[in-house]
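Below is one structure; the comments refer to it alone.
In my numbering, the protein residues as written are 9 to 114.
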């Protein structure tokens, strides 16, 4: 039985770090007053934490996409320039594989 209580203590310690001191204190006072048991408090803390994370994510996503990094800008520009260079060198009919072989036939 001792190891199960140890596991519960470890689990509660991790939960405390996860949810933060304000939420933890609010639910621990409810447990001390007898309004909730420990299991209900743990579940409620998790729900409240997940709601907070969801709202933070919504706020972050509402700001729009992140600006592109310089590395991405350089790569995209290089790809664009390479595509233009390739298009300018391409044969009019699109056949480049046999280029230069027709002179060998004579």
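Note that CB positions come from ideal geometry on N, CA and C, so glycine has one too.
In the three-state scheme derived from DSSP, where H, G and I count as helix and E and B as strand, residue 75 is classed as coil.
Residue burial is scored here from C-beta neighbours: residue 51 has fewer than 16 other C-beta atoms within 10 angstroms and is therefore classed as exposed. The continuous alpha helix (DSSP H) containing residue 59 extends over residues 46-70. Under the DSSP assignment, residue 34 falls in the alpha helix (DSSP H) whose first and last residues are 29-41.
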